[in-house]
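Protein chains in written order, with the working numbering: chain B, 48 to 159; chain Z, 22 to 133. We put the CB at the ideal spot given by N, CA and C, even for glycine. All values derive from a computational prediction rather than experimental measurement. Here's the structure, in structure tokens; my notes come after.
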Amino acid sequence: QQPVQSPQAVILREGEDAVINCSSSKALYSVHWYRQKHGEAPVFLMILLKGGEQKGHEKISASFNEKKQQSSLYLTASQLSYSGTYFCGTAHLGAGSYQLTFGKGTKLSVIP
Amino acid sequence: SQTIHQWPATLVQPVGSPLSLECTVEGTSNPNLYWYRQAAGRGLQLLFYSVGIGQISSEVPQNLSASRPQDRQFILSSKKLLLSDSGFYLCAWRRDRDSGAFFGQGTRLTVV
Numbered sequence: 048q049q050p051v052q053s054p055q056a057v058i059l060r061e062g063e064d065a066v067i068n069c070s071s072s073k074a075l076y077s078v079h080w081y082r083q084k085h086g087e088a089p090v091f092l093m094i095l096l097k098g099g100e101q102k103g104h105e106k107i108s109a110s111f112n113e114k115k116q117q118s119s120l121y122l123t124a125s126q127l128s129y130s131g132t133y134f135c136g137t138a139h140l141g142a143g144s145y146q147l148t149f150g151k152g153t154k155l156s157v158i159p
Numbered sequence: 022s023q024t025i026h027q028w029p030a031t032l033v034q035p036v037g038s039p040l041s042l043e044c045t046v047e048g049t050s051n052p053n054l055y056w057y058r059q060a061a062g063r064g065l066q067l068l069f070y071s072v073g074i075g076q077i078s079s080e081v082p083q084n085l086s087a088s089r090p091q092d093r094q095f096i097l098s099s100k101k102l103l104l105s106d107s108g109f110y111l112c113a114w115r116r117d118r119d120s121g122a123f124f125g126q127g128t129r130l131t132v133v
């Protein structure tokens, strides 16, 4: 079951903030966030496990609402290097906890 | 430290020809292994995943198959390629279901 991401694309000026959302129709075991630069492989940012939590670094963080089956990625004071496509990946409870499925991605463009 | 190797980086194959892409992981044992395909400008489609030797889960019915002959080796194959098989093929590994996924450099396949 593919998670749904929003928005599909966002354009920011340096220093602005952004929020990317991810939702699932099935109960979640974990939520992952990845960033992919053009022509490259995706890079792992963070994983949030069931139980509901928030984690991350100073400027890139994420939350996981287990009850709502949603996660959000927060990018604050964006930098040019944040540009890329962000993917949310989900694994569901039970036998599906090893199956990692991705959303369609959110293209983030940071301009000077 | 762990590393993942995927080759070749690019491949041009005629329609109807066979395919074999190999992925190996070093520095860990019993990894969870994944094959994804990404069409140009699109999301990551999960093709196969494996939690152990000889254990393959297929997500999409198509003319592709996967095998895991050794603990840290994952192979993606096709007997006869179709034009629609073109794309960016990515292998990934995870330590366990509580860990993030780390991707190989990918193989850009063009079927002509």
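Interface partners of residue i on chain B, CB under 9 Å
i: Gln126(Z); result: Glu87, Ala88
i: Ser78(Z); result: Tyr145, Gln146
Cross-strand partners of residue i (DSSP beta bridge)
i: Val33(Z); result: Thr131(Z)
i: Glu80(Z); result: Partner(s): none; Glu80(Z) has no beta bridge.
i: Val51(B); result: Ser70(B)
i: Glu47(Z); result: Thr24(Z)
i: Tyr81(B); result: Phe91(B), Phe134(B)
i: Glu100(B); result: Phe111(B)
i: Leu85(Z); result: Ser99(Z)
i: Lys154(B); result: Ala56(B), Thr132(B)
Contact list for residue i against chain B, beta-carbon separation under 8 Å
i: Tyr70(Z); result: Tyr145, Gln146, Leu147
i: Asp119(Z); result: Ser77, Ile94, Leu96
i: Asn53(Z); result: Tyr145
i: Leu111(Z); result: Ala88, Pro89
Integer Cβ distance of residue i from residue j, believed to fall under 8 Å
i: Val57(B); j: Thr153(B); result: 7 Å
i: Tyr76(B); j: Ala138(B); result: 5 Å
i: Ile94(B); j: Gly121(Z); result: 5 Å
i: Gly131(B); j: Leu147(B); result: Gly131(B) to Leu147(B), Cβ: 19 Å. No contact.
Counted within 10 angstroms of its Cβ, other Cβ atoms place residue i as buried (16 or more) or exposed
i: Gly62(B); result: exposed
i: Pro89(B); result: buried
i: Leu51(Z); result: It should be pointed out that residue 51(Z) corresponds to Asn in this sequence rather than to Leu. The residue in question, Asn51(Z), is exposed, as its Cβ has fewer than 16 Cβ neighbours within 10 Å.
i: Arg63(Z); result: exposed
i: Ile158(B); result: exposed
Chain Z contact residues for residue i, given Cβ-Cβ distances below 8 Å
i: Ala138(B); result: Arg118
i: Lys151(B); result: Arg63, Gly64
Interface partners of residue i on chain Z, CB under 7 Å
i: Phe91(B); result: Gly121, Ala122, Phe123
Within chain Z, partners of residue i - CB distance below 9 Å
i: Phe179(B); result: One cannot answer for residue 179(B) here, as it falls past the ends of chain B, which runs 48 to 159.
Checklist entry - Should the stretch 46-55 of chain Z be called in touch with the stretch 83-99 of chain B, which here means at least 3 C-beta pairs below 8 Å? => result no
Checklist entry - Per the contact definition of three or more C-beta pairs closer than 8 Å, is the stretch 25-42 of chain Z in contact with the stretch 65-77 of chain B? => result no
Checklist entry - Is the stretch 113-128 of chain Z in contact with the stretch 74-87 of chain Z, if contact means three or more CB pairs nearer than 8 Å? => result no
Checklist entry - Within the chosen definition, does the stretch 35-42 of chain Z reach the stretch 88-107 of chain Z through at least 3 CB pairs nearer than 8 Å? => result yes
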